[in-house]
Amino acid sequence: MTQLGATITPEGIRFAAWSASARRLWVSIFDQQGGRELDRLELRPEGEGVHALFVSGLAAGTLYGFRADGDYAPELGLWFDPDKLLTDPYAVEIDRPYAYHWRLAARRNEGADTAPLMPKTVARALPKAVPVLQPLFSPGGLIYELNVRSFTKLHPDVPEEQRGTLAALAHPAIIAHLKRLGVSAVELMPVTASIDERHLPPLGLSNAWGYNPVTFMALDPRLAPGGPAELRETVARLRQAGIGTILDLVFNHTGESDRLGPTLSLRGLDNQAYYRHQPDGRLVNDTGTGNTVACDHPVVRDMVLDTLRHFVRHAGVDGFRFDLAPVLGRVDGVFDPAAPLLDAIAGDPVLADRVLVAEPWDIGPDGYQLGNFPARFLEWNDRYRDDARRFWRGDVGAVGALATRLAGSSDVFGKAGQPASRTVNFIAAHDGMTLADIVAYERKHNAANGEQNRDGHNDNLSWNNGAEGETDNAAIGKARFEDQCALLATLFASRGTIMLTAGDEFGRTQKGNNNAYAQDNTITWLDWTGRDQVLERYASALATLRRAVPALSDTRFLMGQSAEASGIPDVVWLTETGMPLAEADWNDPGRHRLVMLLGDAGGGRLAVIINGDRRQCVFTLPEREGFRWQPAIETQAVDLARPMPGRSVNFMIERLTQKGGAGKGS
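Numbering (my numbering), first residue to last: 18 to 683.
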């Protein structure tokens, strides 16, 4: 297909848009303030749905938008209205953020011209592409999920004018924090331009997460006031520090929402082509947002691929996380791991070595597809999240499931004899309770969202340690601290890629709000001055251990088999007495203790000692001639007065000595 969007030449600009159903398309040219329409020029059909026009005398920086006309019959999926100014789907920059207004959703002839309400697309000549370098991130590393605005909004070392922007991520204080945690790649929650859901402005709220895009390439001016160059420079600075960048992209829906939503871009150009519909003309809602992008349409497929290539070529990113990824693999509404778009992403020359991460569920038919994506894709593993929480909550019969998750989730990802896991293990993510709130709240507390606490998940697999929410009780506070340490240690001890959400390493809280998407305020802004620095140092120590012991960051499934060179099994599962777990032990519903004895720890073995019981316990580790057991993390060095008693995870490592002996762990 011909190049779409605005193509800048020394003589002028060629504008091109695609629509199979519009009878007429125009480009509207605006003054440099974006307030006055200078000209409205009709595009010419070029065949195969492409409408284009070359306009001489225009240069980079020109502000424009499209308009389209044709039949208006929303009940049939036709929304043409030339009074609606439309953002170019291939826009890479817009001149201002989107702001919801009821006139954007008005019916034809009822809302007047929407140009005063809409951002204008900026015609931008992109700089020379960056060299496509090998991604810094590799499976088994640490992904650090962050929201650009909330992450740096309150950071005292970041200049105030940079806080909340992409540029802030390149600040030395931020990079130093990421390096202390051993971050392999930051995963940026959406940085493309989004619009508030229509119910938020009347509540005085706004979408803080950005999972409501209008188009797919244009950055949000609030997050990237420097435009595409700001993302490019930030990615480069992070890369210099050894940290990759993964973009969280939303191709499953747009902010045009349901039939009552605004007309902003794709709906006004060709609603029937860009979105999926029921046979009766109603929009398909496999996303829960009101619409579903038709990723099986060839034009949409090309647009997604062009977007991914754009961010690789012009920003140098390591890869992508795909929100509600089954939508990308739906063909005629049915998920297919060999869907044309998934095949094209995995096989594209520019994308061939990029990191690909799927959120493997949507709410459509057969929408839960964990373990079913192509081999190139890593997948968010919610079974890991749930089983880890169940164990530490104290649920009965949870020890076997925890061991399976620690070992790489072969039950999910070991199909067809695959030797390595594609899991992305996480305890908490942006969606749901924070790690600190998991151990402080039994119930969600979402009243601030204005939906009478009806929104968000009801089953959080959380516990409060004796009091709901904030408390001055020292014993409860101690128990919560120990639980956070245990959850973090479990994550860092797990096979496969691990993901930590920003601030969970130092006890961030959202006061029990498990759906804080609408809280662009101190509920989601990270409190850097009030952070738990002891917990943070412990998380850093865990990261150091994970980097130092290859057995922890390996992605191969733990199978209990011996390596030829050493003859030591890759894992042995032990009771607290140092004996292998028998079938009766695995099936004991009251068992909350086990030892994961890893065979490859740089010459010795590593014992991950897990006590999920509040009662203290002395663990006995098997001796080996020529080695002795030592703590793998010196807790005094991170201001933990002693190895944590009761519910805890401790690490012991074998060191060479002149004589062996039995070791103890607590």
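Virtual Cβ for every residue (Gly too), placed ideally from N, Cα, C.
Keep in mind the model is a prediction, meaning the values are calculated, not measured.
Is the beta carbon of residue 101 closer than 8 Å to that of residue 232? no
Mind checking whether residue 404 and residue 418 have CB atoms under 8 Å apart? yes
Given 8 Å as the limit, is there contact between the segment 217–236 and the segment 523–536, that is, 3 or more CB pairs closer than that? yes
The segment 55–71 / the segment 263–277 touching (three or more Cβ pairs under 8 Å): no
Mind checking whether residue 110 and residue 235 have CB atoms under 8 Å apart? yes
Quick one: complete alpha helix (DSSP H) runs, 4+ long, within the segment 68–145? none
First and last residue of the uninterrupted alpha helix (DSSP H) at residue 494: 491–509
Nearest to residue 544 by alpha carbon, out of 558, 522, 595? 522
Opening and closing residue of the beta strand (DSSP E) in which residue 394 lies: 394–397
Select from 397, 354, 362, 343 the residue whose C-alpha is nearest the C-alpha of residue 382. 343
By Cβ distance below 8 Å, which residues in the same chain neighbour residue 247 in space, the five residues on each side in sequence not counted? 182, 183, 184, 236, 241
Looking at residue 42 and residue 76, is the spacing between their C-beta atoms short of 8 Å? no
Check the C-beta distance from residue 260 over to residue 163 and give it rounded, since I have them as a contact under 8 Å. 12 Å between Cβ atoms; not a contact.
Output the boundary residues of the beta strand (DSSP E) element that contains residue 591. 588–591
Member of 594, 593, 574 whose CA lies at the smallest distance from the CA of residue 586: 574
On the three-state DSSP scale, how would you describe residue 289? helix
Just to confirm my understanding: we take residue 139, look at its own chain, exclude 5 residues before and 5 after, and list those with CB closer than 7 Å. What are they? 78, 80, 110, 111, 112
Which of the three DSSP states is assigned to residue 328 in this structure? helix
Along the chain, where does the beta strand (DSSP E) containing residue 636 start, and where does it finish? 636–638
Tell me the DSSP secondary structure of residue 346 in three-state form. helix
Could you pull out every unbroken beta strand (DSSP E) segment of at least 3 residues lying fully inside the segment 425–456, listed in chain order? 440–442
According to the neighbour-count rule (16 or more other Cβ atoms, all chains shown, within 10 Å of its Cβ), is residue 450 buried or exposed? buried
So residue 202 is in the beta strand (DSSP E); what residue range does that whole segment cover? 202–205
Three or more C-beta pairs closer than 8 Å, one from the segment 185–203 and one from the segment 548–561: is that the case here? yes
Residue 666: first and last residue of the uninterrupted beta strand (DSSP E) it sits in: 665–673
Beta carbon of residue 275, beta carbon of residue 313: below 8 Å? no
Check whether the segment 559–572 touches the segment 501–511, taking contact to mean three or more Cβ pairs, one atom from each stretch, closer than 8 Å. yes
Put residue 172 into one of helix, strand or coil per three-state DSSP. coil
Here's the rule I'm using: 16 or more other beta-carbon atoms within 10 Å means buried, otherwise exposed. How should residue 541 be labelled? buried
Could you check the C-alpha separation between residue 354 and residue 391 for me, to the nearest Å? 6 Å
Leaving out five residues before and five after residue 467 in sequence, what residues of the same chain have Cβ atoms less than 7 Å from its Cβ? 220, 222
Quick one: grab the DSSP three-state call for residue 523. helix
So residue 585 is in the beta strand (DSSP E); what residue range does that whole segment cover? Counting along the chain, residue 585 falls outside any beta strand (DSSP E), and DSSP gives it neither H nor E.
CA-to-CA distance, residue 165 to residue 208, given in whole angstroms: 8 Å
Please identify the residue among 65, 51, 74 whose C-alpha is closest to the C-alpha of residue 24. 74
Simplified DSSP state of residue 414, which is helix, strand or coil: coil
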